[in-house]
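Report on one structure; see the data block that follows.
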Ligand SMILES: C[S@@+](CC[C@H](N)C(=O)[O-])C[C@H]1O[C@@H](n2cnc3c(N)ncnc32)[C@H](O)[C@@H]1O
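Here's what the structure looks like:
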């Protein structure tokens with residue numbers, strides 16, 4: 006299923022069933038998947054410019070792998086490449102992938118990619134990465150991970166390529182939702198280097214330093230944003 010003008014999917018296997026054996030479940034990932042896919046379908050089709058050959062959509066910080074398993078087929082022929090620096094996530098990514106019904110497009114096998122070390126990203130230029138998607142990563146990782154992500158994205162993406170960040174953000178230094186301050190405290194209790202990043206004061210300037218121009222935000226469920234950067 007790859008026609009971007011088709012009506013929105015009413016089924017989203019394998020997320021419509023129970024988590025397969027060996028796969029980690031993530032209820033927020035299930036709840037928000039359709040809204041994320043709706044945004045990605047518009048954005049990816051534009052950026053992937055599929056007329057010039059299938060593009061690779063690089064996911065950074067895939068975690069359990071729900072997004073990879075749910076989105077690879079609807080976004081085909083773009084190829085979804087899941088990655089995570091933590092290899093213990095890879096078994097779950099593969100277990101979700103194995104549950105994709107026969108005949109539907111699958112993600113590529115997961116690779117080890119440490120966002121904070123862009124010199125080591127396991128990509129080659131023939132792979133034509135035109136979109137990078139990273140969900141729920143930069144607030145629950147040290148700031149050096151965001152900086153590495155921007156550095157790597159600035160090197161890998163071609164002109165017009167997209168970096169898409171999904172998750173919670175502060176705006177002009179302020180929290181935007183009722184539970185945000187408590188969420189921030191919880192993040193800091195996990196690791197003092199974590200925290201909900203300020204889109205305007207931190208994220209946009211850091212991305213711009215690597216040629217990633219802020220384009221727009223989209224409001225997403227649970228007070229999250231999809232933040233769109235375009236490579237200049
Ligand atoms: C909260 S999970 C999000 C998982 C998934 N993207 C989602 O939205 O359900 C954060 C993920 O970021 C990954 N991560 C943290 N630091 C990273 C790094 N330096 N490079 C790549 N991934 C990283 C973690 O291993 C974890 O899988």
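Numbering (my numbering), first residue to last: 6 to 237. The beta-carbon is built from N, C-alpha and C at its ideal position, and this holds for glycine as well.
- Here residue 233 really is in contact with residue 48; their C-beta atoms are around 6 Å apart, less than 8 Å.
- A Cβ-Cβ distance of about 6 Å is found for the pair residue 20 and residue 71, placing them in contact under the 8 Å criterion.
- The Cβ atoms of residue 180 and residue 201 sit closer than 9 Å to each other.
- In this structure, residue 49 has its beta carbon at no less than 8 Å from each heavy atom of ligand 1.
- By the Cβ test, the segment 153-172 is in contact with the segment 123-133, since at least three Cβ pairs between them sit closer than 8 Å.
- Apart from sequence neighbours up to five positions away, the residues of its chain that approach residue 203 with a beta-carbon distance below 8 Å are 174, 175, 176, 177, 178, ordered along the chain.
- Residue 227 and residue 79 do not touch by the CB rule: their CB atoms are close to 21 Å apart, not below 8 Å.
- Not a single heavy atom of ligand 1 lies less than 8 Å from the C-beta of residue 230.
- Boundaries for residue 145: no alpha helix (DSSP H) harbours it, and the DSSP string shows neither H nor E there.
- In the three-state reduction of the DSSP assignment, residue 95 falls in the helix class, which pools H, G and I.
- A Cβ-Cβ separation of about 5 Å places residue 44 in contact with residue 223 under the 8 Å criterion.
- Residue 106 has its CB no nearer than 8 Å to any heavy atom of ligand 1.
- Using a Cβ distance threshold of 9 Å, residue 211 and residue 151 count as a contacting pair.
- Where residue 123 is concerned, there is no enclosing beta strand (DSSP E), because DSSP gives it neither an H nor an E.
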